[in-house]
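Shown next, in structure tokens, is the structure this report addresses.
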Amino acid sequence: MAKKEKKQPTDTVAAPKKRSLISVIAGPMLLALVFMPTTLLLFVMMLPTAIVGIVDKDQPRALTVTIGATNLAGAVSIWFELLRRGHTIQAAQDLSTNIDSLITAYGAAMVGLMVYAIVVPTVAKITSHAAEYEKNKIQKQQNKMLETWGPDVLPDDNTGPKNN
Amino acid sequence: MEQATENKAAGNENGSASQSDASDGVKVAVGPDKRYIIDFSKEIKTLEHGLTEVVHVYDQEEDRNLAAYLCARRSLPRLSDILTYKYVGHPNLLYYVASYPVIDPETQKEYVALIFTNPDLTPLIEHLKDDIPKFKPEDIKNRILFPILDALHLFNKGDMAHGAINLRNIYIKGEGDDYEVVLGECLSAALSMENPILYETVDNALADPSGRGVATVKNDLYSLGICIAMLVWQVNPLQELSDTEIIQRKVEKGSFGLLSTRQKASSELIEFLRGVLNDDASQRWDYDDVSKWMEGQRLSPKQPPAQLKAQRPFVFRDKKYSYMRSLIYVLGREGGDTAYTVLSSPEFLKWFTRNFSDKNILANVESILERTKTAPKSGSFKDRYTAEMIMALDPHGPIRFKNLSVHARGFGTSLAASFAREDNIQVYPQLLDYQLYAVWLSMQFNVPAYAAQLSSDFERYKQFVKQKTPGLGIERVLYMACPDAPCLSPQFAKDFVYDARHLLSVMNRHARSGTLNDPLFDRHIITYLSVREAKMIEPHMSLVGSNDKASHLLGVIKTLAAIQKKERPGPMIAITDHLIDKCEPVLKQIYNTNLRHAVKKKVLEQKGKGDLTALISALNDEKMLSQDVRGFRAAKKEYQLLELRKESIAGTSERKRKLGMYRGKQVAMIVSATLASVGVLINIIKFFTG
Numbered sequence: 000m001a002k003k004e005k006k007q008p009t010d011t012v013a014a015p016k017k018r019s020l021i022s023v024i025a026g027p028m029l030l031a032l033v034f035m036p037t038t039l040l041l042f043v044m045m046l047p048t049a050i051v052g053i054v055d056k057d058q059p060r061a062l063t064v065t066i067g068a069t070n071l072a073g074a075v076s077i078w079f080e081l082l083r084r085g086h087t088i089q090a091a092q093d094l095s096t097n098i099d100s101l102i103t104a105y106g107a108a109m110v111g112l113m114v115y116a117i118v119v120p121t122v123a124k125i126t127s128h129a130a131e132y133e134k135n136k137i138q139k140q141q142n143k144m145l146e147t148w149g150p151d152v153l154p155d156d157n158t159g160p161k162n163n
Numbered sequence: 000m001e002q003a004t005e006n007k008a009a010g011n012e013n014g015s016a017s018q019s020d021a022s023d024g025v026k027v028a029v030g031p032d033k034r035y036i037i038d039f040s041k042e043i044k045t046l047e048h049g050l051t052e053v054v055h056v057y058d059q060e061e062d063r064n065l066a067a068y069l070c071a072r073r074s075l076p077r078l079s080d081i082l083t084y085k086y087v088g089h090p091n092l093l094y095y096v097a098s099y100p101v102i103d104p105e106t107q108k109e110y111v112a113l114i115f116t117n118p119d120l121t122p123l124i125e126h127l128k129d130d131i132p133k134f135k136p137e138d139i140k141n142r143i144l145f146p147i148l149d150a151l152h153l154f155n156k157g158d159m160a161h162g163a164i165n166l167r168n169i170y171i172k173g174e175g176d177d178y179e180v181v182l183g184e185c186l187s188a189a190l191s192m193e194n195p196i197l198y199e200t201v202d203n204a205l206a207d208p209s210g211r212g213v214a215t216v217k218n219d220l221y222s223l224g225i226c227i228a229m230l231v232w233q234v235n236p237l238q239e240l241s242d243t244e245i246i247q248r249k250v251e252k253g254s255f256g257l258l259s260t261r262q263k264a265s266s267e268l269i270e271f272l273r274g275v276l277n278d279d280a281s282q283r284w285d286y287d288d289v290s291k292w293m294e295g296q297r298l299s300p301k302q303p304p305a306q307l308k309a310q311r312p313f314v315f316r317d318k319k320y321s322y323m324r325s326l327i328y329v330l331g332r333e334g335g336d337t338a339y340t341v342l343s344s345p346e347f348l349k350w351f352t353r354n355f356s357d358k359n360i361l362a363n364v365e366s367i368l369e370r371t372k373t374a375p376k377s378g379s380f381k382d383r384y385t386a387e388m389i390m391a392l393d394p395h396g397p398i399r400f401k402n403l404s405v406h407a408r409g410f411g412t413s414l415a416a417s418f419a420r421e422d423n424i425q426v427y428p429q430l431l432d433y434q435l436y437a438v439w440l441s442m443q444f445n446v447p448a449y450a451a452q453l454s455s456d457f458e459r460y461k462q463f464v465k466q467k468t469p470g471l472g473i474e475r476v477l478y479m480a481c482p483d484a485p486c487l488s489p490q491f492a493k494d495f496v497y498d499a500r501h502l503l504s505v506m507n508r509h510a511r512s513g514t515l516n517d518p519l520f521d522r523h524i525i526t527y528l529s530v531r532e533a534k535m536i537e538p539h540m541s542l543v544g545s546n547d548k549a550s551h552l553l554g555v556i557k558t559l560a561a562i563q564k565k566e567r568p569g570p571m572i573a574i575t576d577h578l579i580d581k582c583e584p585v586l587k588q589i590y591n592t593n594l595r596h597a598v599k600k601k602v603l604e605q606k607g608k609g610d611l612t613a614l615i616s617a618l619n620d621e622k623m624l625s626q627d628v629r630g631f632r633a634a635k636k637e638y639q640l641l642e643l644r645k646e647s648i649a650g651t652s653e654r655k656r657k658l659g660m661y662r663g664k665q666v667a668m669i670v671s672a673t674l675a676s677v678g679v680l681i682n683i684i685k686f687f688t689g
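Protein chains in written order, with numbering that gives the first Met the number 0: chain D, 0 to 163; chain G, 0 to 689.
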């Protein structure tokens, strides 16, 4: 009975891996080839995101997502320009080398970076402030109790309130 | 004791006021409306028959001269017998008027002044100075003896012994043929304590003056007999003989023989003297016998049994002793190794067995020898052996142990006298521990009627001595065994504290002069109150006996408040203010600081009022205190929980920081995604609308 059970999981796991690899790699490659101008344009415009994606290792990869989202927004506006120009390779080349396009896409990425740089420490500070506030509130309460009841109210083996 | 003094003496919580009169000496007024003026500079030597000083008193209300016996605490005056003495009230007895505590303005020492009438009196002893007898036998019998016997009859009915009958304390009032006899007072000292040895039975004379024990009418009749014999034969052995010689002569010749001379005397009086001076207590006349004699019946007093006498004397320190009692007396006073060496020597035992055949004494000695054969010969063995052997050889005598010589029923008074003199009292617990009282009882030929009670009392004393808790110990033995003992605390060395009310007054006086001790109640005061006024102190004993200052102080305040409430001596301002000043430790026991301040305020409001009950109510409201304790416990618990909460917050700060960062990143992603979505949407709209 055990042997039979052991064999079954082995047989069922191996087959899906082979199938998903083919579908994951082959599909996008095919799409990239079919829509080459978009691929070319997005490749150039989304470069900041790619770099950050390599550098950012911390989960949940917030930096990648933050820069990536705004970078994508900038890249999409250029992509719409590509569609207006007929979605050709030539138009993709022109737009990829256009300063205005690059400023738009890379500037959007910069906005994402600034959002990350401002929002993350601000939220962190607010959260830790809350804990500090609560700790101070407890301390005040304890001081008042000490004033009312004297040092005998301290727990045994305690010479005074701990101000951490 | 007169209580009016302490209430009515104007402006003076002590109850007396000092008046200084440079020309007439120092006078103090006592009594209601300062009626009696005691003049410390005018001594009345004729009325002094012991150690107590007698001074002049003037009664302002009745315009008469009186006399005050100034009793110090070491005299152990018989304050509990005052009522009985007053009840006796015989015309031939010195009349008691009143008694008050009084302070000598010069020495600041407190006495109890026993005030008596002061007719012009001459002690009878003065009439022995001439060789020619002043009184005829008929006068001695009818005008001296009979009136005193009449007074003693009333004492006997009141179950009280006089105990101070001697020729210095019997007086003649009047002059020439118009005279009357007056028997002096007997309250100024403990029973028989200040009576000279000459007037005491041999058994009593062998004991220390304070250890003579309980006296009966037989003792008084004996003393009276000595006085009458001295008058009949016009002799005064006190002039020629020392105390030791008097005892020796009494042992050898008998009390009657000591005083009788070849001079003829009335046969009636001789019969009386033989009866009352019989050295055998069981044969000695009591009052019934005397009554019969007074009515004219012939009683033929029996001869006392001969004292134990050896054919060959025993030589000790180059002196020869034929009488056992004489030798024992000398050895008892010698004590120590010398007495032990003699009493344990083969020579002495040989001399004893060869010369004495009394079966009872032999049995006594054998039992001691048997018992001590196997006892370890170390430590106090010698002293115990000496004491037990002396008791075996002289069972009617007192217990003689180390430097102590006391009758069993004189133990309490002896202990009290030692405490009052500030002597070393170590010998008393030892006597109890070695159960010498039980040995003494076992040596008696006839078990006395009081044996069971005595034994039970001493067993209790022995247990008390072993316990060191305040309220027990040797102090408890003192106050139980000597009911007349005042409070003998060293704190009251110059005072005379005779009851709880007076204790409060004295403490108030000490508070005023800043001489109160710390702690306020020592072992003596605690035990004194526990024995004399148990209801005042027993409910607070655990507080009073505590080593904790606050608890002790609270206990003292509660006890003094109880005394003030019961005795109503009026406001005790000084002691109350003193206690208020010292009550900080008690206030510190209140946890809540706001409540503590409120209570302190209430307590301070009591200053100057002298009401201890109000003070304790302000200081120790039971309901308030229990609420305070409950509140404190809850607060302590809450504080602990808050501390834990604070620790958990501190402990998670790192996590909080990381959590904050995490949340910040999430928010950044959301903001960025939102901005991106808006941007894309705008572009889509622009694219499709051109």
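Every residue gets a Cβ at the ideal spot worked out from N, C-alpha and C, and that includes glycine. As the structure is a prediction and not an experimental result, all values here were calculated from the model.
Q: Take D620/G as the anchor and find which of I536/G, E642/G and L594/G has the nearest alpha-carbon.
A: Translated into the one-based positions of the second sequence, residue 620/G becomes position 621. Of the candidates I536/G, E642/G and L594/G, the one whose C-alpha sits nearest the C-alpha of D620/G is L594/G.
Q) Any contact of the region 429-442 of chain G with the region 397-407 of chain G, i.e. 3+ C-beta pairs under 8 Å? A) Yes, the region 429-442 of chain G is in contact with the region 397-407 of chain G.
Q: Could you tell me if V222/G is buried or exposed, where buried requires 16 or more neighbouring beta carbons within 10 angstroms of its beta carbon?
A: Taking the first residue of the second sequence as 1, we reach residue 222/G at position 223. In the sequence under discussion, the amino acid at residue 222/G is Ser, which differs from the Val named in the question. Counting C-beta atoms within 10 angstroms of its own C-beta, S222/G has 16 or more neighbours from the protein chains shown and is therefore classed as buried.
Q: Would you list, in sequence order, the uninterrupted beta strand (DSSP E) runs of no fewer than 3 residues that lie entirely inside the region 130-212 of chain G?
A: Qualifying beta strand (DSSP E) stretches, in chain order: 169-174 and 177-182.
Q | R311/G versus A214/G - alpha carbon distance | A | On the second sequence, residue 311/G is found 312 positions in, with the first residue counted as 1. On the second sequence, residue 214/G is found 215 positions in, with the first residue counted as 1. Rounded to the nearest whole angstrom, the C-alpha separation of R311/G and A214/G is 36 Å.
(Q) My output table needs one value for E47/G: the three-state DSSP class, helix, strand or coil. (A) For the purposes of this step, residue 47/G is taken as the residue at position 48 of the second sequence. Here E47/G carries a coil assignment [DSSP, helix/strand/coil].
Q: For G149/D, decide whether its Cβ has a neighbour in chain G, counting only Cβ atoms nearer than 8 Å.
A: Locating residue 149/D in the first sequence gives position 150, counting from the first residue. It does: the Cβ of G149/D has a partner Cβ on chain G nearer than 8 Å.
**Q.** Beta-carbon spacing of A123/D, G73/D below 8 Å
**A.** Here residue 123/D refers to the residue found at position 124 of the first sequence. Here residue 73/D refers to the residue found at position 74 of the first sequence. Result no, Cβ atoms of A123/D and G73/D do not sit closer than 8 Å.
Q. If you count every other CB in all the chains shown that lies within 10 Å of the CB of M28/D, and 16 or more means buried, which is it?
A. Sequence index remark: in the first sequence, residue 28/D carries index 29 (1-based). Exposed: under 16 other Cβ atoms inside 10 Å.
(Q) Please report whether the beta-carbon of K56/D lies at a distance below 8 Å from any beta-carbon of chain G. (A) On the first sequence, residue 56/D is found 57 positions in, with the first residue counted as 1. Answer no: the Cβ-Cβ gap between K56/D and chain G never drops below 8 Å.
Q: Return the CA-CA distance between P236/G and Y198/G, expressed in angstroms with no decimal places.
A: Translated into positions along the second sequence, residue 236/G becomes position 237. Translated into positions along the second sequence, residue 198/G becomes position 199. Computed Cα separation, rounded: 11 Å.
Q) Between which two residues does the beta strand (DSSP E) containing P312/G stretch? A) As a first step, residue 312/G is located in the second sequence; it is residue number 313 there, counting from the start. That run of the beta strand (DSSP E) goes K308 to F315.
Q. In three-state DSSP terms, what is F79/D?
A. Sequence index remark: in the first sequence, residue 79/D carries index 80 (1-based). In the structure shown, F79/D sits in a helix (DSSP, three-state: H, G or I).
**Q.** Cβ shell of K685/G (< 7 Å), same chain only, five flanking positions each side left out
**A.** As a first step, residue 685/G must be located in the second sequence, where it is residue number 686. Same-chain partners within the cutoff: there are none.
(Q) Counting only Cβ pairs nearer than 7 Å, list the residues of chain G close to S100/D. (A) One-based indexing of the first sequence puts residue 100/D at position 101. Chain-order list of chain G residues neighbouring S100/D: empty, with the shortest C-beta distance near 13 Å, by a criterion of under 7 Å.
Q: Whole angstroms is fine: what's the gap from L186/G's alpha carbon to C486/G's?
A: By one-based count along the second sequence, residue 186/G stands at place 187. By one-based count along the second sequence, residue 486/G stands at place 487. Taken atom to atom, the span from the alpha-carbon of L186/G to that of C486/G is near 18 Å.
Q. Which first and last residues belong to the alpha helix (DSSP H) in which D288/G is found?
A. The count along the second sequence starts at 1 and reaches residue 288/G at position 289. Looking at the DSSP string, the run of the alpha helix (DSSP H) that includes D288/G is Y286 to M293.
Q) Quick one: what's I37/G bridged to in DSSP? A) Residue numbering aside, residue 37/G sits at position 38 when the second sequence is read from its first letter. Partner(s): V27/G and V56/G.
Q: Mind listing the chain G neighbours of G52/D? Cutoff is C-beta to C-beta under 9 Å, in chain order.
A: Residue mapping note: residue 52/D aligns to position 53 of the first sequence, counting from 1. Chain G residues near G52/D: none, gap ~14 Å exceeds 9 Å.
(Q) Just to make sure I have the definition right: I need the residues of chain G whose C-beta is within less than 8 Å of the C-beta of S127/D. Which are they? (A) By one-based count along the first sequence, residue 127/D stands at place 128. S652, K655, R656 and G659, listed in chain order.
Q | Proximity of V87/G and I143/G at Cβ, strictly below 8 Å | A | Position 88 of the second sequence holds residue 87/G. Position 144 of the second sequence holds residue 143/G. Against a cut-off of 8 Å, the Cβ pair of I143/G and V87/G comes out as no contact.
Q: Could you tell me if I227/G is buried or exposed, where buried requires 16 or more neighbouring beta carbons within 10 angstroms of its beta carbon?
A: Here residue 227/G refers to the residue found at position 228 when the second sequence is read from its first residue. Counting other Cβ atoms within 10 Å of its Cβ, I227/G reaches 16 or more and is therefore classed as buried.
Q: Determine the burial state of F331/G: buried for a count of at least 16 other Cβ atoms within 10 Å of its Cβ, exposed for fewer.
A: Position 332 of the second sequence, counted from the first residue, corresponds to residue 331/G. According to the sequence provided, residue 331/G is Gly. The question's Phe does not apply to it. With 16 or more other Cβ atoms within 10 Å, it is buried.
**Q.** Start and end residues, beta strand (DSSP E) containing R353/G
**A.** If you number the second sequence from 1, residue 353/G lands on position 354. R353/G -> not in any beta strand (DSSP E); alpha helix (DSSP H) instead, spanning P345 to N354.
Q. Do you know offhand how far A67/G's Cα is from T45/G's?
A. Numbered from its first residue, the second sequence carries residue 67/G at position 68. Numbered from its first residue, the second sequence carries residue 45/G at position 46. Each residue's Cα considered, the two are about 12 Å apart.
Q) Does any residue of chain G bring its CB to less than 8 Å from the CB of Y132/D? A) Residue numbering aside, residue 132/D sits at position 133 when the first sequence is read from its first letter. Among the residues facing chain G, Y132/D is not included, as its CB has no counterpart in that chain under 8 Å away.
Q.
Using the three-state DSSP reduction, which class does S281/G fall into: helix, strand or coil?
A. Position 282 of the second sequence, counted from the first residue, corresponds to residue 281/G. S281/G falls in the coil class under three-state DSSP.
Q) Helix, strand or coil for K401/G per DSSP? A) In the second sequence, residue 401/G corresponds to position 402, counting from 1. K401/G falls in the coil class under three-state DSSP.
Q. Do we get a CB-CB distance below 8 Å when we pair Q7/D with the residues of chain G?
A. By 1-based counting over the first sequence, the position of residue 7/D is 8. Low confidence applies here, because Q7/D scores a pLDDT of 48, under 50, leaving its location unreliable; read the following figure in that light. Answer no: the Cβ-Cβ gap between Q7/D and chain G never drops below 8 Å.
Q) Whose C-alpha, out of V250/G, L182/G, R283/G and A189/G, is nearest the C-alpha of N218/G? A) Your numbering for residue 218/G matches position 219 in the second sequence. Comparing Cα-Cα distances from N218/G to each of V250/G, L182/G, R283/G and A189/G, the minimum goes to R283/G.
Q) Quick one: Cα of L92/G to Cα of T352/G, how far? A) Taking the first residue of the second sequence as position 1, residue 92/G is located at position 93. Taking the first residue of the second sequence as position 1, residue 352/G is located at position 353. Going by the C-alpha atoms only, they are around 51 Å apart.
(Q) I'd like to check one pair, Y328/G with I196/G: are the Cβ atoms closer than 8 Å? (A) Against the second sequence, residue 196/G aligns to sequence position 197. Against the second sequence, residue 328/G aligns to sequence position 329. Taking 8 Å as the cut-off, the beta carbon of I196/G is found no closer than this to the beta carbon of Y328/G.
(Q) Comparing C-alpha positions only, which one of G49/G, K135/G, R248/G and H48/G sits nearest to R324/G? (A) Mapped onto the second sequence, residue 324/G falls at position 325. The candidate whose alpha carbon is nearest that of R324/G is R248/G.
Q) Could you give the C-beta distance for T385/G and Y339/G, rounded to a whole number, given that I count them as a contact under 8 Å? A) Stepping through the second sequence from its first residue, residue 385/G is reached at position 386. Stepping through the second sequence from its first residue, residue 339/G is reached at position 340. At roughly 5 Å, the Cβ-Cβ gap stays under 8 Å, so T385/G and Y339/G are in contact.
Q: Counting only the same chain and skipping the five closest in sequence on each side, list residues whose C-beta sits under 6 Å from that of Q443/G.
A: Within the second sequence, numbered from 1, the residue matching residue 443/G stands at position 444. If we look at Q443/G and ignore the five residues flanking it on each side, its Cβ neighbours are P394.
Q) At a CB-CB cut-off below 9 Å, which residues of chain D make contact with E458/G? A) The residue you call residue 458/G lines up with position 459 of the second sequence. Ordered by position in chain D, no residue passes the 9 Å Cβ test against E458/G, which lies about 47 Å from the chain.
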